[in-house]
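In my numbering, the protein residues as written are 31 to 367.
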């Protein structure tokens with residue numbers, strides 16, 4: 031739906047978007063892979079909405095956020111979260127994330143690597159209601175429209191996301207009506223358990239131990255001091271512990287990566303060396319524990335700029351694959367960046 035109805039090149043050609051379905055407790059049921067770097071990012075948006083509006087989520091509501099520190103990965107990525115109700119009960123969420131052509135700020139596109147604080151990067155939207163019990167929040171729409179350089183493209187892509195969330199809701203409700211709520215929940219749980227089982231089975235075949243790899247980014251645009259990305263993967267009994275201790279402190283330039291994006295890059299890297307039969311859902315995440323030091327380039331603190339976080343995310347994947355190449359060399363490709 032986004033591909034067919036988006037107004038911008040970013041949506042229609044670059045396919046810089048993702049869609050997903052969640053259970054009411056925030057577990058990811060399924061996610062598309064238009065942009066694999068979004069794998070694991072959208073649960074942060076659902077978590078932010080559930081926390082901020084606990085007990086105040088109603089039929090007809092639809093939430094929006096792009097805050098990299100509370101539900102997104104950088105300001106151009108707007109996430110829409112639509113609650114799904116059935117027989118008056120909240121049973122899940124339909125979610126769409128799309129990269130906007132512009133988000134305001136000092137530079138067109140909102141993706142500059144030479145900003146030095148997030149306040150330069152554009153309009154920052156905390157988890158808010160874009161629709162309240164079916165009523166459109168015109169004030170918020172106008173606020174977005176007046177703060178971007180190409181409002182026709184941005185609002186057009188938002189409308190595409192809205193349509194997508196509604197279709198996700200409609201089709202999920204159809205499944206509930208076809209199979210019944212009890213059976214549907216059982217099937218979804220089985221799907222996530224299956225993903226967990228096959229992931230743990232694969233990891234159990236890997237040699238035990240701790241494996242380390244360090245890669246570097248040449249600089250942040252302000253300094254030529256190399257920026258280390260250091261990762262240690264510990265292979266346990268059917269699970270992985272991924273630790274980024276030793277990575278660079280957060281930098282002045284806007285290549286800092288939020289923890290949500292670091293986790294996405296981590297999940298993506300592991301997913302690349304698993305079999306194709308593994309679904310993309312929370313079952314996979316259960317097997318992978320990720321940590322990055324606060325205040326680091328992979329888990330920065332406000333007001334660190336993060337617009338060009340993809341540059342660091344790509345290097346996280348390179349470091350991860352460098353580590354995984356010691357574990358399952360027959361499954362790992364050459365460094366890409």
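Even glycine gets a Cβ: it sits at the ideal position worked out from N, Cα and C.
Classified as buried, residue 280 has 16 or more neighbouring CB atoms from the shown chains inside 10 Å of its CB. Apart from the 5 residues on each side of it in sequence, residue 141 sits with its Cβ closer than 7 Å to the Cβ of 106, 337, 338 in its chain, given in chain order. Between the alpha carbons of residue 205 and residue 214 lies a gap of roughly 7 Å. Rounded to whole angstroms, residue 333 and residue 198 show a C-alpha spacing of 35 Å.
The criterion of a C-beta distance shorter than 8 Å is not satisfied by residue 148 and residue 128.
Restricting attention to alpha helix (DSSP H) runs no shorter than 4 residues, the stretch 300 to 329 encloses them at 312 to 315, ordered along the chain. Relative to the Cα of residue 305, the nearest Cα in the group 344, 228, 54, 56 belongs to 228. If you look at residue 188, you'll find it in the alpha helix (DSSP H) that goes 181 to 209. In the DSSP secondary-structure assignment, residue 150 is not bridged to any residue. Non-local C-beta neighbours of residue 236 in its own chain, meaning closer than 8 Å and more than five positions away in sequence, comprise 265, 357, 358, ordered along the chain. Residues of the same chain with a CB within less than 6 Å of the CB of residue 31, apart from the 5 flanking positions on each side, are 193, 194, 197 in chain order. In terms of Cα proximity to residue 95, the closest of 180, 191, 53, 238 is 191.
For residue 61, the number of other beta carbons within 10 angstroms of its own is at least 16, and it is reported as buried.
The beta-carbon separation of residue 223 and residue 135, rounded to 43 Å, does not stay under the 8 Å limit for a contact.
Annotation for residue 355: the continuous alpha helix (DSSP H) segment containing it runs 339 to 357. For residue 280, no beta strand (DSSP E) segment is defined, and its DSSP state is neither H nor E. In this structure, DSSP gives residue 107 an extended state, which the three-state scheme calls strand.
Rounded to whole angstroms, the separation of the alpha carbons of residue 184 and residue 50 is 21 Å. Here the alpha carbon of residue 78 sits roughly 6 Å from the alpha carbon of residue 101.
For residue 316, the closest of 275, 277, 226, 92 by C-alpha to C-alpha distance is 226.
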